[in-house]
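For the sequence shown, the positions run 4 to 168 when the working numbering is used. All residues carry an ideal CB built from backbone N, CA and C; glycine is no exception. Accompanying notes for the structure given below.
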Amino acid sequence: MFEKNDKSEISEDAVDEKIVEIERMLDTTRDQLLRRTAELENMRRRHQQEREQLIFDANKRLILDLLGTIDDLERTIEHAAESNDPLTQGIELIYKSFLKTLERYGARPMQSVGEEFDPMKHDALLEEPRDDVASGTVTKEIQRGYMLNDTILRHAKVFVSKAAE
């Protein structure tokens, strides 16, 4: 390890060189350790983000599939609105329970009627001439739109007013 001269003594220059060499090795090792620790932390963070995205995408697909059932319940309630029988009341309770469950997972219906038409939230199916509301206002909702957290899950299908001719 250390060089020895003929007199079995270690020269000061050799010790100084060895100290400098060991300090360089220590700096190199410390730098490698810091880099590997940073790489590991980045990998953990990336895996966490990927897992969260996978869960979000799975929830999104499931909720999109369930929206068809909610649409069916809404149509059933709309057609049975005149009758106040227990079956209609039961369907309304199921519908409300269904919406509350979706809201717990971040999905909520968008309000469209009476709002300004926004192509980021609405799909216009028809422009109808109207004098009673401003041009470009959503007048009727054919299919309700939904948000999942802060993203559009499904656009609302709507009728939009235009100036009467």
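* To do: Specify the secondary structure class of M46 as computed by DSSP and reduced to three states.
  => Looking at M46 - three-state DSSP - the assignment turns out to be helix.
* Asked: Is it buried or exposed for S14, if we count other Cβ within 10 angstroms and need 16 for buried?
  -> If you draw a 10 Å sphere on the C-beta of S14, you find fewer than 16 other C-beta atoms in it, and that means exposed.
* Any non-hydrogen atom of the ligand SAH closer than 8 Å to F101 Cβ -> This structure simply doesn't include the ligand SAH, nor any ligand for that matter.
* Buried or exposed by the 16-neighbour rule on C-beta atoms within 10 Å, applied to Q92 -> exposed
* Asked: If we ignore side chains and look at the alpha-carbon of each, how far apart do E119 and H125 end up?
  -> 10 Å
* Asked: What's the gap between the Cα of R47 and the Cα of V163?
  -> 48 Å
* Report the rounded CA-to-CA distance for S115 versus G148, giving the unit in angstroms. => 8 Å
* State the Cα-Cα distance for the pair L29 and V23, rounded to the nearest angstrom. => 10 Å
* Ordered along the chain, which non-local residues of its own chain (more than five positions away) have a Cβ less than 8 Å from that of Y98? -> I73, L76, E77, I80
* In this structure, does DSSP put P112 in helix, strand or coil? -> Of the three classes helix, strand and coil, the one that applies to P112 here is strand, per DSSP.
* State buried or exposed for V136, treating a residue as buried only when at least 16 other CB atoms are found within 10 Å of its CB. => exposed
* So, E144 versus A127, is the Cβ gap smaller than 9 Å? -> no
* Asked: Taking the C-alpha atoms as reference points, what is the distance between I94 and F59?
  -> 29 Å
* Asked: What is the C-beta distance between A84 and P132, in whole angstroms, given that I count them as a contact (C-beta under 8 Å)?
  -> The Cβ separation is near 28 Å, so there is no contact.
* Determine the direct distance from the alpha carbon of N152 to that of E106, and round the result to whole angstroms. => 9 Å
* For I155, the nearest candidate out of T32, Q56, Q52, G109 (CA to CA) -> Per the Cα distances, G109.
* For V161, is the classification buried or exposed, using 16 other Cβ atoms within 10 angstroms of its Cβ as the cut-off for buried? -> buried
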